[in-house]
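A.B. asks: In the numbering used here, the protein residues as written are 415 to 602.
This is the structure:
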């Protein structure tokens, strides 16, 4: 006998789909605006918008995981998910899954030492979050009094992420320039 499929709240699922679409549109628009800033020579500010665009992409991934859990009948703590959307560290750590593993992580994997693999990945996630957040803050804020800095406003090195040709992207897509509304549950 087959097990019945879980009952799905289709209305809520469509809210998630719309939220993912709005979040992606926002990420795409941030990316295009980062390109404009970079072409104007403001690469530090462009880096900031690009980083925020990546954080928005992470939210799209997490919305997908949320929807998959709902479709599978798994319980989801909505407040926990929404809180993670507001934490830069959570979004950066999600994006770290796209990185190549460190040498230490690869060696641990080759040895079959899964505890060390997890430890090394957690370390990579934290390093990625700190580097991403420092670069973003450094592109926005001047040094603090006394020389201490959250990362002095500076022009980073080559911005490869902004140099690719985007002629094939449709910038005139309806809604692409519209920030998602305050009523959206996905605003962070």
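Just so you know, even glycine gets a beta-carbon here, dropped at the ideal spot from N, CA and C.
Bear in mind the structure is a predicted one, so any value in this text is a computation, not a measurement.
Assuming contact is defined by CB atoms lying nearer than 8 Å, are residue 518 and residue 465 in contact in what I supplied?
C.D. replies: Here residue 518 refers to the residue found at position 104 when the chain shown is read from its first residue. Here residue 465 refers to the residue found at position 51 when the chain shown is read from its first residue. For residue 518 and residue 465, no; Cβs fall outside 8 Å.
A.B. asks: Taking only the alpha-carbon atoms, compute the straight-line gap between residue 524 and residue 516 and give it to the nearest angstrom.
C.D. replies: Sequence index remark: in the chain shown, residue 524 carries index 110 (1-based). Sequence index remark: in the chain shown, residue 516 carries index 102 (1-based). Each residue's Cα considered, the two are about 12 Å apart.
A.B. asks: Where does residue 486 sit, in a helix, a strand or coil, going by DSSP?
C.D. replies: Indexing the chain shown from 1 puts residue 486 at position 72. Three-state result, residue 486: coil.
A.B. asks: Taking the straight line between their C-alpha atoms, what separation do you get for residue 462 and residue 553?
C.D. replies: Residue 462 sits at position 48 when you count from the first residue of the chain shown. Residue 553 sits at position 139 when you count from the first residue of the chain shown. Cα to Cα, the separation comes out at about 6 Å.
A.B. asks: Which residues in the same chain have their Cβ closer than 7 Å to the Cβ of residue 448, if we skip the five residues on either side of it in sequence?
C.D. replies: Translated into positions along the chain shown, residue 448 becomes position 34. For residue 448, where only same-chain residues beyond five positions count, the Cβ hits under 7 Å are 460, 463, 464, 467, 576.
A.B. asks: Might you give, ordered along the chain, the residues of its own chain that have their beta carbon closer than 7 Å to the beta carbon of residue 453, omitting 5 neighbours on each side?
C.D. replies: Counting from 1 along the chain shown, the entry for residue 453 is found at position 39. Excluding residues within five positions, none has a Cβ falling inside 7 Å.
A.B. asks: Find the nearest neighbour of residue 480 within the set 542, 540, 429, judged by alpha-carbon distance.
C.D. replies: Here the question's residue 480 lines up with position 66 in the chain shown. When each option's Cα is compared against that of residue 480, the closest is 429.
A.B. asks: Using 10 angstroms around the beta-carbon of residue 473, count the other beta-carbons present and answer buried if the total reaches 16, otherwise exposed.
C.D. replies: As a working note, residue 473 is residue 59 in the chain shown. So residue 473 ends up on the buried side.
A.B. asks: Please state if the CB of residue 420 and the CB of residue 486 are separated by a distance shorter than 8 Å.
C.D. replies: Walking along the chain shown from the start, residue 486 turns up at place 72. Walking along the chain shown from the start, residue 420 turns up at place 6. Against a cut-off of 8 Å, the Cβ pair of residue 420 and residue 486 comes out as a contact.
A.B. asks: Counting only the same chain and skipping the five closest in sequence on each side, list residues whose C-beta sits under 6 Å from that of residue 581.
C.D. replies: Counting from one through the chain shown, the residue named residue 581 turns up at place 167. With a pLDDT of only 31 at residue 581, under 50, the local geometry of the prediction cannot be trusted, and the value read off the model is given with reservation. If we look at residue 581 and ignore the five residues flanking it on each side, it has no Cβ neighbours.
A.B. asks: From residue 423 to residue 484, what distance separates their C-alpha atoms?
C.D. replies: For the purposes of this step, residue 423 is taken as residue 9 along the chain shown, with counting starting at 1. For the purposes of this step, residue 484 is taken as residue 70 along the chain shown, with counting starting at 1. Computed Cα separation, rounded: 8 Å.
A.B. asks: Should residue 523 be listed as close to the ligand GTP, given that the test is whether its C-beta is under 7 Å from any heavy atom?
C.D. replies: Looking for the ligand GTP in the displayed structure turns up nothing, as the structure carries no ligands at all.
A.B. asks: Tell me, please, whether the stretch 526–536 touches the stretch 489–504 by the rule of three or more beta-carbon pairs shorter than 8 Å.
C.D. replies: no
A.B. asks: Under a three-way DSSP split, which group does residue 519 fall into?
C.D. replies: Locating residue 519 in the chain shown gives position 105, counting from the first residue. Helix at residue 519.
A.B. asks: Would DSSP call residue 534 helix, strand or coil?
C.D. replies: The count along the chain shown starts at 1 and reaches residue 534 at position 120. Three-state DSSP puts residue 534 in a helix.
A.B. asks: How is residue 573 classed by DSSP in three states: helix, strand or coil?
C.D. replies: Position 159 of the chain shown, counted from the start, is the residue given in the question as residue 573. Confidence is the limiting factor: at residue 573 the pLDDT is only 36, short of 50, which leaves the residue's position unreliable, though a coordinate-based value still follows. Looking at residue 573 - three-state DSSP - the assignment turns out to be coil, as it is neither helix nor strand.
A.B. asks: Whole angstroms are fine: how far does the CA of residue 435 sit from the CA of residue 540?
C.D. replies: For this step, residue 540 is matched to residue 126 along the chain shown. For this step, residue 435 is matched to residue 21 along the chain shown. Cα to Cα, the separation comes out at about 28 Å.
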